[in-house]
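**Student:**
Chains as they are written, first to last, in our numbering: chain X, 1 to 338; chain C, 1001 to 1251.
#1: Check residue 1006/C in the structure and name its three-state DSSP category.
#2: Could you tell me which chain C residues have their CB closer than 9 Å to the CB of residue 209/X, listed as they occur along the chain?
#3: Just verifying my parser: in three-state terms, what is the DSSP assignment at residue 164/X?
#4: What do you reckon, is the C-beta of residue 1144/C under 7 Å from a heavy atom of the ligand SAM?
#5: Under the assumption that residue 166/X contacts residue 248/X (Cβ atoms under 8 Å), give the Cβ distance between them as a whole number of angstroms.
#6: In the DSSP assignment, the beta strand (DSSP E) including residue 1060/C goes from what residue to what residue?
#7: Is residue 1214/C helix, strand or coil by DSSP?
#8: Is it the case that the segment 1075-1089 of chain C contacts the segment 1154-1170 of chain C, given that we only count it when at least three CB pairs across the two stretches are under 8 Å?
#9: What separation, rounded to the nearest whole angstrom, lies between the Cα atoms of residue 1214/C and residue 1122/C?
#10: Whose Cβ in chain X lies nearer than 8 Å to the Cβ of residue 1113/C?
#11: Which bits of chain C does residue 281/X rub up against, with CB to CB less than 9 Å?
#12: Mind checking whether residue 273/X and residue 289/X have CB atoms under 8 Å apart?
#13: Sort out for me which residues DSSP pairs residue 1107/C with in a bridge.
#14: Can you give me the start and stop residues for the alpha helix (DSSP H) that residue 53/X sits inside?
#15: Since residue 219/X meets chain C, which of its residues come closer than 7 Å, beta carbon to beta carbon?
#16: So for residue 1083/C, helix, strand or coil by DSSP?
#17: Please classify residue 15/X: does DSSP put it in a helix, a strand, or coil?
#18: Where does residue 310/X land, buried or exposed, given buried means 16+ other C-beta within 10 angstroms?
#19: Using a Cβ-Cβ cutoff of less than 8 Å, which residues in the same chain neighbour residue 209/X once the five nearest sequence positions on both sides are dropped?
#20: Rounded to whole angstroms, what is the Cα-Cα separation between residue 76/X and residue 189/X?
#21: Can you name the residues that DSSP bridges to residue 1012/C?
#22: Helix, strand or coil: how does DSSP classify residue 205/X here?
#23: Please determine if the segment 228-244 of chain X and the segment 123-133 of chain X are in contact, where contact requires at least 3 C-beta pairs separated by less than 8 Å.
#24: What residues in its chain sit with their C-beta under 8 Å from that of residue 1062/C, if we drop five residues either side in the sequence?
#25: If you follow the alpha helix (DSSP H) that residue 1165/C is part of, which residue opens it and which one closes it?
#26: Taking one C-beta from the segment 32-43 of chain X and one from the segment 287-306 of chain X each time, how about it: are there three or more such pairs within less than 8 Å?
#27: Could you give the DSSP three-state label for residue 1172/C: helix, strand or coil?
#28: So, helix, strand or coil for residue 252/X, using DSSP?
#29: Have a look at 1103/C, 1011/C, 1150/C and 1060/C and flag the residue whose alpha-carbon is nearest the alpha-carbon of residue 1096/C.
#30: Under a Cβ-count criterion, where at least 16 other Cβ atoms within 10 Å of its own Cβ denotes burial, should residue 353/X be classed as buried or exposed?
#31: Exposed or buried, which one is residue 116/X when buried takes at least 16 other CB atoms within 10 Å?
#32: Would you mind telling me which residues of chain C sit closer than 8 Å to residue 222/X, beta carbon to beta carbon, in chain order?
#33: Using the Cα positions of residue 318/X and residue 324/X, report the straight-line distance between them to the nearest angstrom.
#34: Can you give me, in chain order, the residues of the segment 1056-1079 of chain C that have a beta carbon less than 9 Å from any beta carbon in chain X?
#35: On the DSSP bridge assignment, give the partners of residue 1032/C in chain order.
#36: Indicate whether at least one CB of chain C lies closer than 8 Å to the CB of residue 325/X.
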């Protein structure tokens, strides 16, 4: 808590809409999203100077594909992190979904219906995670850690460990990620929708309230369990959807796609963008810019031809730096308990 | 005076612990009742029964003279019973106006139920103004306010949602003199409206006597002393508690 104003309630703070433009700009700059955008711009400038191809159409397309999947995953994880939960198994649901779709397709279910069917199963996985976490009071870290192994085994079993090819008409394939920019458009659409959910619906507001003060939320009569379960269902479904998009883009299904790496990229995108790991605060836009920054780093260093062994060191250090910066910026802003 | 709320012979046990042992209270509209007593005397259990959090083992509650069933917090709210909790049921990371409308958000019409931020801001501002609380902006995060300000926002929220019976659980706990003064002024203004019955749980005898019209002393789930505030003193109340304590120790 920063600087409580004692005494009369009419505190020294400025009134809404009145003056203080410089102050407002300062406050805006202290927002984690803003600092991440600044860093991203600096990185783009650096990579473009170091390698003229960075802003070429071909590379922008590659970059968009780096970015899309973690950003969609981040939309779910941000909702969970804000209400003090996490899903470690979303990367495994990512790998499972295309096989579910393919199996249904093999049984004669038409492709569009198979997509819906696969997503329904993913939603059911999220529901299971939620029910175990809430009903049996197992921390979601543990529930989803168990789920992570369980779903890996499930995917390996139904795929028998072999990759497969995606089916479907050309239009469907294009819409579902085959067209170069389909995946990033999906990601942006999902970001827009989830931003509205978080800022402009009760679901979002109550998610923030639960993470901020669970006792207060209970006393206000918020349906805590329902909100949390909804966020688990959301995350698993988005995870499955991302897996389908990637499968259609690549044109093949890999039982070892996604995985924990994908999950961590999603979580990191959110946290770099200012989502508090301790809950109660975060934005979807932050997840988008965090994901873009990670994408720029990955893509930029790939273009630079950096040694593959060095790559993870650089990325890891960058993620650490970004998170440390954000925690300290949060302190500067004087809010939050991060 | 018109009766606002009455509880008769409330009994509540938790295992072997008797929290309430046939306690009865009655509060009129516009009256402020102070409930004093040590920790574990049953004060909080009383509040929790009146807010529908706990159900009594036996005993009945009447609101406006009619017997009522308080099966849930929502039941109590529907009858105009609002409680401001000791742990301050506010979310620090949310704005003042979001807190004031928590779980009672105003929505735009239409199928999607989007939050009507504009209307919530306006009404929150009006509600605060009406009971004399001035804040720089209702967009401020509650975490940036002082303890007294937060308490005031919590009270304003209860009043705004049309509370007829306002339960205050230690509204002055852990507050400095200036902060406490703020809340005492606020309660005075609510009293002067004359339409709200206030039940205030407290530890500080002097402050309670200053604010309340009548005080009761709760010990081991029963009322052991009851008096108009003007007819007793902090010394007398303290004396009763000490005597009780000595007797309990001797027994």
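The beta-carbon is built from N, C-alpha and C at its ideal position, and this holds for glycine as well.
Keep in mind the model is a prediction, meaning the values are calculated, not measured.
**Tutor:** The short version:
#1: As a working note, residue 1006/C is residue 6 in the second chain. It is a strand residue.
#2: Your numbering for residue 209/X matches position 209 in the first chain. Here the neighbours are 1091, 1093, 1094, 1098, 1099, 1102 and 1103.
#3: For the purposes of this step, residue 164/X is identified with residue 164 of the first chain, where counting begins at 1. Here residue 164/X sits in strand by DSSP.
#4: With respect to the ligand SAM, the structure shown offers nothing to examine, as it has no ligands at all.
#5: Working through the first chain from its first residue, we reach residue 166/X at position 166. Working through the first chain from its first residue, we reach residue 248/X at position 248. At roughly 6 Å, the Cβ-Cβ gap stays under 8 Å, so residue 166/X and residue 248/X are in contact.
#6: Within the second chain, numbered from 1, the residue matching residue 1060/C stands at position 60. Per DSSP, the continuous beta strand (DSSP E) segment holding residue 1060/C begins and ends at 1058-1063.
#7: Along the second chain, read from residue 1 onward, the residue named residue 1214/C stands at position 214. The answer is strand: DSSP assigns residue 1214/C an E or B state.
#8: Remark: three or more beta-carbon pairs, one from each stretch, lie closer than 8 Å, so the segment 1154-1170 of chain C and the segment 1075-1089 of chain C are flagged as touching.
#9: Looking up residue 1214/C in the second chain gives position 214. Looking up residue 1122/C in the second chain gives position 122. Going by the C-alpha atoms only, they are around 36 Å apart.
#10: The residue labelled residue 1113/C in the question sits at position 113 within the second chain. Residues of chain X passing the Cβ test: 201 and 202.
#11: Here residue 281/X is taken as the residue at index 281 of the first chain, counted from 1. Those within 9 Å of residue 281/X in chain C are 1093.
#12: For this step, residue 273/X is matched to residue 273 along the first chain. For this step, residue 289/X is matched to residue 289 along the first chain. With contacts defined as CB atoms closer than 8 Å, residue 273/X and residue 289/X qualify as a contacting pair.
#13: Position 107 of the second chain, counted from the first residue, corresponds to residue 1107/C. Residue 1107/C pairs with 1115/C.
#14: For the purposes of this step, residue 53/X is taken as residue 53 along the first chain, with counting starting at 1. Here residue 53/X belongs to no alpha helix (DSSP H), and DSSP marks it neither H nor E.
#15: As a position in the first chain, residue 219/X is number 219, starting the count at 1. For residue 219/X, the neighbours in chain C by C-beta distance under 7 Å run, in chain order, 1085 and 1089.
#16: On the second chain, residue 1083/C is found 83 positions in, with the first residue counted as 1. In the structure shown, residue 1083/C adopts extended strand secondary structure according to DSSP, grouped into three states.
#17: Numbered from 1 along the first chain, position 15 holds the residue referred to as residue 15/X. For residue 15/X, the pLDDT reaches just 41, beneath the cut-off of 50, and the residue's location in the model is therefore unreliable, leaving the point undetermined.
#18: If you number the first chain from 1, residue 310/X lands on position 310. For residue 310/X, the number of other beta carbons within 10 angstroms of its own is below 16, and it is reported as exposed.
#19: Along the first chain, read from residue 1 onward, the residue named residue 209/X stands at position 209. If you ignore the 5 residues before and after residue 209/X, its C-beta comes within less than 8 Å of the C-beta of 216, 217, 220 and 222, all in its own chain and listed in chain order.
#20: Here the question's residue 76/X lines up with position 76 in the first chain. Here the question's residue 189/X lines up with position 189 in the first chain. Taking the straight line joining both Cα atoms gives about 14 Å.
#21: To locate residue 1012/C, count along the second chain from 1; it is residue 12. Answer is 1020/C.
#22: For the purposes of this step, residue 205/X is identified with residue 205 of the first chain, where counting begins at 1. The answer is helix: DSSP assigns residue 205/X an H, G or I state.
#23: Verdict: yes, contact present.
#24: Working through the second chain from its first residue, we reach residue 1062/C at position 62. 1003, 1005, 1006, 1007, 1008 and 1068.
#25: As a first step, residue 1165/C is located in the second chain; it is residue number 165 there, counting from the start. Counting along the chain, residue 1165/C falls outside any alpha helix (DSSP H), though it belongs to the beta strand (DSSP E) covering 1165-1169.
#26: Judged by Cβ distances under 8 Å, the segment 32-43 of chain X makes contact with the segment 287-306 of chain X, as three or more pairs qualify.
#27: Residue numbering aside, residue 1172/C sits at position 172 when the second chain is read from its first letter. Residue state, collapsed to three classes: coil.
#28: Here residue 252/X is taken as the residue at index 252 of the first chain, counted from 1. DSSP places residue 252/X in strand when its eight states are reduced to three.
#29: Numbered from 1 along the second chain, position 96 holds the residue referred to as residue 1096/C. Checked all of 1103/C, 1011/C, 1150/C and 1060/C; the closest Cα to residue 1096/C is 1150/C.
#30: For residue 353/X there is no data in the structure shown, the boundaries of chain X being 1 and 338.
#31: Residue mapping note: residue 116/X aligns to position 116 of the first chain, counting from 1. Using a 10 angstroms sphere on the CB of residue 116/X, the tally of other CB atoms stays under 16, which defines it as exposed.
#32: Locating residue 222/X in the first chain gives position 222, where the first residue counts as 1. In chain order: 1102 and 1103.
#33: For this step, residue 318/X is matched to residue 318 along the first chain. For this step, residue 324/X is matched to residue 324 along the first chain. Distance between the alpha carbons of residue 318/X and residue 324/X is about 10 Å.
#34: Cβ contacts with chain X: 1072, 1073, 1074 and 1077.
#35: The count along the second chain starts at 1 and reaches residue 1032/C at position 32. Residue pairing for residue 1032/C: DSSP places it in a beta bridge opposite 1198/C.
#36: Against the first chain, residue 325/X aligns to sequence position 325. Closer than 8 Å: no.
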